[in-house]
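S.K.: Heads up, the sequence shown is in our numbering, so the first residue is 589 and it goes up one at a time. From the three backbone atoms N, C-alpha and C, an ideal C-beta is built for every residue, glycine too. Note that this is a predicted model, so its numbers are computed, not measured. I am attaching a structure below and will ask some questions about it afterwards.
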Amino acid sequence: MSDNNTLVLNSLKSSPNGLTAYQILNLLQKTKPIKPMTIYRSLENLTKKGLIHKTNKNKTFHLCEASHNCNISEAHEHNSVFVVCDKCGLTEELKTNLFSTTIKKIKSKKKFDLKKFKLEITTICKDCD
Ligand SMILES: [Zn+2]
Ligand SMILES: [Zn+2]
Numbered sequence: 589m590s591d592n593n594t595l596v597l598n599s600l601k602s603s604p605n606g607l608t609a610y611q612i613l614n615l616l617q618k619t620k621p622i623k624p625m626t627i628y629r630s631l632e633n634l635t636k637k638g639l640i641h642k643t644n645k646n647k648t649f650h651l652c653e654a655s656h657n658c659n660i661s662e663a664h665e666h667n668s669v670f671v672v673c674d675k676c677g678l679t680e681e682l683k684t685n686l687f688s689t690t691i692k693k694i695k696s697k698k699k700f701d702l703k704k705f706k707l708e709i710t711t712i713c714k715d716c717d
């Protein structure tokens, strides 16, 4: 794993609510001169490996919950399920395979590959309710 990937992972480790690409860039530029392209490449790389996920709603990157416990250099892929608060943006990756079997059975008419689905549930957290 490249140094930049490690830097990006570490910045996300200390940010449970996730960071946008821009926030990660800002954070890392405080310690060393780093080009935006480098960060974007790292983010793409880590996303492909399944070590981080991006939420659509807030455009934030999150360390994969599953990667907290396993060897970080070990690539793994899975269907991520996120729940996001519509008001404050609180985000959590749910550890569940409940949706996997069901969604993978759905037949698409337009050549969609449902095996690669990601799910994002938007709702309201207890604090905002
Ligand atoms: Zn995950
Ligand atoms: Zn909330």
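Does the distance from the CB of N614 to the CB of E708 come in under 8 Å?
M.R.: Numbered from 1 along the sequence shown, position 26 holds the residue referred to as residue 614. Numbered from 1 along the sequence shown, position 120 holds the residue referred to as residue 708. Not a contact, by the Cβ cut-off of 8 Å.
S.K.: Got a sec: does ligand 2 put a non-hydrogen atom nearer than 7 Å to the Cβ of K698?
M.R.: Position 110 of the sequence shown, counting from 1, holds the residue named residue 698. K698: no, Cβ never under 7 Å from ligand 2.
S.K.: Expressed to the nearest angstrom, what Euclidean distance is found between the alpha-carbon atoms of Q611 and D715?
M.R.: As a working note, residue 611 is residue 23 in the sequence shown. As a working note, residue 715 is residue 127 in the sequence shown. The alpha-carbon atoms of Q611 and D715 are separated by roughly 25 Å.
S.K.: Please report the straight-line C-alpha distance between I712 and F670, rounded to a whole angstrom.
M.R.: Start at 1 with the first residue of the sequence shown, and residue 712 comes out as number 124. Start at 1 with the first residue of the sequence shown, and residue 670 comes out as number 82. Distance between the alpha carbons of I712 and F670: 13 Å.
S.K.: Rounding to the nearest angstrom, what Cα-Cα distance links T619 and K675 in this structure?
M.R.: In the sequence shown, the residue the question calls residue 619 occupies position 31. In the sequence shown, the residue the question calls residue 675 occupies position 87. Approximately 33 Å between the Cα atoms of the pair.
S.K.: Out of N605, I691, P624, state which residue places its alpha-carbon closest to the alpha-carbon of L678.
M.R.: For the purposes of this step, residue 678 is taken as the residue at position 90 of the sequence shown. The option with the nearest alpha carbon to L678 is N605.
S.K.: Can you list, in chain order, the residues of its chain with a C-beta nearer than 8 Å to that of L607? Leave out the 5 residues immediately preceding and following it.
M.R.: For this step, residue 607 is matched to residue 19 along the sequence shown. The answer, listed in chain order, is S599, L600, L615, T648, F649.
S.K.: Is L707 a contact residue of ligand 2, with contact defined as CB to any heavy atom under 7 Å?
M.R.: The count along the sequence shown starts at 1 and reaches residue 707 at position 119. Checking the Cβ of L707 against ligand 2 gives no.
S.K.: If distances are taken between C-alpha atoms only, which option among E632, Q617, K642 comes closest to E680?
M.R.: Indexing the sequence shown from 1 puts residue 680 at position 92. Ranking E632, Q617, K642 by Cα distance to E680 puts K642 first.
S.K.: At which residue ranges does the segment 599 to 655 contain complete beta strand (DSSP E) runs of 3 or more residues, listed in the order of the chain?
M.R.: Counting only runs of 3 or more, we get 640 to 642, 649 to 651.
S.K.: For L595, does the count of other Cβ atoms within 10 angstroms reach 16, so buried, or fall short, so exposed?
M.R.: Locating residue 595 in the sequence shown gives position 7, where the first residue counts as 1. That one is buried.
S.K.: Tell me which same chain residues have a C-beta within less than 7 Å of the C-beta of K704, skipping the five on either side of it?
M.R.: Along the sequence shown, one-based indexing puts residue 704 at 116. Closer than 7 Å at the Cβ level, and outside the excluded window around K704, lies no residue.
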